[in-house]
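Residue numbers (the working numbering): 4 to 326. Using N, Cα and C, we set each Cβ at its ideal position, and we do this for glycine too. Remember, predicted model here, so these are calculated numbers, not experimental data. Reading through the structure tokens given below for one structure.
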Ligand code: FAD
């Protein structure tokens, strides 16, 4: 019996959630008294395996095949790995990729599948999975009484595994059934503003409805410029068409884990917080002292952004535009 995690990567970069999976996987392995194995499929598997070799990982398996995610390849490889390793738990990211192949693997293995886990608790053969419902307004617990289990876990819910490990890294002895590979990734096409991936940013300046008008965005863009930050936003800004969708933080946007998240004129609705609560340091600027964002902020300024932001720009050596 083992715990097996399958990493996510895209365009040559291991995604943060891959290291978070290791923490979730280690917790399960400890609860079940078993080993944690990590796997990576496709891409530069040697480099990815090095990055996955963290404290608490017992073995890393690599599958070389192409560069990018492919449904058929991942479904085949994850199924074969889970069978070969007698994996009691198969843990994958609740990402576009994970959601794509995890149900197929669960079906092939005849196992139950629970998606979008934000908490996992295993005891005496029963797995309890915590999930959020109704736009993150309530938490529910799904009890799965009989394993083995397939679970996809939400990003930014577990801390990334740390420390350099001493796991064995070995190629998994497995050949892809070419006849069963029905699709190939030919390339990527960026959507508007797609050059920026806010989920990779270390410092996000995020703007909300408090900015009032599209023209006023120039003020925040200047702050972004002088601080070297990356611009993100709450949903109304995207709904208004003022920023592209890939800048949206939250439940229906992106999950972000920057070192610093500066929320300006954002109330802190649960659907927004779901996407940024994993930030190391949260700073909020809001006129309303009772805004929920202050409940999770490490530092807060109760003040008008049209006064606070120009002062910040000057503090960083810039000159605020007139808005
Ligand atoms: P508001 O809630 O209107 O808050 C604006 C804030 O600005 C207020 O707190 C106000 O006090 C402050 N303010 C006003 N003027 C100033 C000023 N001059 N200076 C400083 N502060 C000022 N939202 C997301 O963000 N991301 C999502 O992914 C997302 N997904 C959703 C999914 C579903 C299914 C649903 C139902 C909703 C979703 N939402 C999402 C919307 C969410 O519920 C909120 O409506 C949204 O987050 C509010 O955005 P906001 O904080 O910018 O605006």
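For this session: Using only alpha-carbon positions, find the residue among 242, 227, 244 that is nearest to residue 266.
Result: 227
For this session: Taking the CB atoms as reference points, tell me whether residue 202 and residue 258 lie closer together than 8 Å.
Result: yes
For this session: Can you have a look at residue 178 and say buried or exposed, based on whether 16 or more other CB atoms are within 10 angstroms of its CB?
Result: exposed
Exercise. Under the three-state reduction of DSSP, which class applies to residue 322: helix, strand or coil?
Worked result: coil
Exercise. Exposed or buried, residue 279, counting other C-beta atoms within 10 Å across all chains shown (16 or more means buried)?
Worked result: buried
Exercise. Alpha carbon to alpha carbon, how far is residue 4 from residue 17?
Worked result: 27 Å
Exercise. Is residue 298 near ligand 3, going by C-beta to nearest heavy atom under 7 Å?
Worked result: Ligands present in the displayed structure are limited to ligand 1, and ligand 3 is not among them.
Problem set entry | residue 11 beta carbon less than 8 Å from that of residue 69 | no
Exercise. Sorted by chain position, which residues of the same chain lie with C-beta nearer than 8 Å to residue 282's C-beta, five sequence neighbours on each side aside?
Worked result: 207, 259, 260, 261, 262, 263, 264
Exercise. Whose C-beta lies closer than 7 Å to the C-beta of residue 82 among residues of the same chain, with five residues either side of it excluded?
Worked result: 108, 111, 112
Exercise. At a cut-off of 7 Å, is residue 134 close to ligand 1 when judged by its beta-carbon and the heavy atoms of the ligand?
Worked result: no
Exercise. For residue 137, is the classification buried or exposed, using 16 other Cβ atoms within 10 angstroms of its Cβ as the cut-off for buried?
Worked result: exposed
Problem set entry | Exposure label - residue 9; buried when at least 16 CB within 10 Å | buried
For this session: Could you spell out where the beta strand (DSSP E) holding residue 134 opens and where it closes?
Result: 129-136
Problem set entry | Check whether residue 34 and residue 55 have beta carbons under 8 Å apart | no
Exercise. Excluding five sequence neighbours on each side, which residues of the same chain lie with their C-beta closer than 7 Å to the C-beta of residue 89?
Worked result: 4, 5
Exercise. For residue 103, which residues does DSSP report across the bridge?
Worked result: Beta-bridge pairing links residue 103 to no other residue.
Exercise. With distances taken between CB atoms, is the gap from residue 44 to residue 94 smaller than 8 Å?
Worked result: no
For this session: Identify which residue in 221, 270, 277, 230 has its Cα closest to the Cα of residue 246.
Result: 221
For this session: Compare the Cα-Cα distances from residue 124 to each of 171, 298, 28 and report the closest residue.
Result: 28
Exercise. Which residues in the same chain have their Cβ closer than 6 Å to the Cβ of residue 122, if we skip the five residues on either side of it in sequence?
Worked result: 133
For this session: Give the secondary structure of residue 221 by DSSP, where H, G and I count as helix, E and B as strand, and everything else as coil.
Result: helix
Exercise. Hey, how far is the Cα of residue 39 from the Cα of residue 320?
Worked result: 49 Å
Exercise. What number of angstroms, rounded off, separates the C-alpha of residue 152 from the C-alpha of residue 118?
Worked result: 11 Å
Problem set entry | Limits of the alpha helix (DSSP H) - the one that residue 77 falls within | 74-87
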